[in-house]
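*Asks:*
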Amino acid sequence: MKIDGEQIILIYDQTGIDNYHDKQRLNLSLEGKNGTEGTMWKFDTLEALASNFNMDIHKLRQTIEEYNRDMAGDKDKFGKPRSLLKTSVSIGKAPFYAMWLNPRYNYSQGGAMINSEARPLDVVTEKPIPGIFVCGEASAGSYGYIRLTACGSLDCGVFGMIAGENAAKETPES
């Protein structure tokens with residue numbers, strides 16, 4: 003993935019690696035078994051990391067400082083509340099780990115949290131947002147933090163019908 007012509011790098015420090023949720027995938031990446039684009043490398047210093055990825059060390063340090071400020075505050079610079087960044091940690095404890103970020107889109111884990119009526123919930127108040135219904139991969143789903151393979155069609159169908167039925171009951175607000 004590139005932004006403004008520059009390749010995006012995913013960086014973890016040792017604390018991030020220690021807390022990584024999918025150890026099997028992590029180990030495959032560290033062992034180079036996810037292909038060239040899925041390999042994660044270990045670096046003793048930020049300077050070594052920057053050199054390997056042809057990055058300006060000063061820009062890298064500045065970016066990490068900004069990121070760490072976001073992790074220390076109540077909200078990140080985009081306004082996302084800290085409560086939604088629960089698993090994110092600051093970057094500072096060597097060694098450092100990095101890999102090219104080359105996303106492949108075949109599934110959406112996440113989306114709007116919904117209630118049993120397929121209404122999206124406000125992230126702050128957890129109350130339904132009026133006039134909107136969500137189903138399928140636009141919703142956070144009903145399976146929590148995991149993906150159950152081959153279960154997406156059932157979820158889409160059931161919540162699609164629920165969303166349609168509830169939307170049909172609504173009257174347009176003036």
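Here the numbering used here is used: the first residue of the sequence shown is 3, the next is one more, and so on. For glycine and all other residues, C-beta sits at the position ideal for the given N, C-alpha and C.
1. Pairing CB atoms from the region 20-38 with CB atoms from the region 57-73, are three or more of them under 8 Å?
2. Under three-state DSSP, which class holds Gly159?
3. Please report the distance separating the alpha-carbon of Ser176 from that of Gly133.
4. Let me know if Met101 comes out buried or exposed under the rule of 16 or more other beta-carbons within 10 Å of its beta-carbon.
5. Where does the unbroken alpha helix (DSSP H) through Ile19 begin, and where does it stop?
6. Entirely within the region 75-133 and at least 4 residues each: give me those alpha helix (DSSP H) ranges in chain order.
7. With three or more beta-carbon pairs closer than 8 Å as the criterion, would you say the region 11-29 touches the region 118-134?
8. Which same chain residues end up closer than 6 Å to Gly162 when comparing Cβ atoms and leaving out the 5 residues on each side of it in sequence?
9. Roughly how many angstroms lie between the CA atoms of Lys129 and Leu86, to the nearest whole one?
10. At the level of alpha carbons, what is the spacing between Ser1 and Phe80?
11. Enumerate, from N- to C-terminal direction, the unbroken alpha helix (DSSP H) stretches of 4 or more residues contained entirely within the region 40-69.
12. For Ile13, is the classification buried or exposed, using 16 other Cβ atoms within 10 angstroms of its Cβ as the cut-off for buried?
13. Are the beta-carbon atoms of Gly75 and Arg63 separated by less than 8 Å?
14. Is Ser141 buried or exposed, if buried means 16 or more other CB atoms sit within 10 Å of its CB?
15. Mind checking Ile10: buried by the 16 CB within 10 Å criterion, or exposed?
*Replies:* From the atom records:
1. no
2. helix
3. Because the pLDDT of Ser176 is 38, which lies under 50, any placement of that residue in the model is unreliable, and the number read from its coordinates should be weighed accordingly. Distance between the alpha carbons of Ser176 and Gly133: 12 Å.
4. buried
5. 16-20
6. none
7. no
8. Cys137
9. 16 Å
10. Residue 1 lies beyond the stretch modelled for the chain, which goes from 3 to 176, so this question has no answer here.
11. 48-54
12. buried
13. no
14. buried
15. exposed
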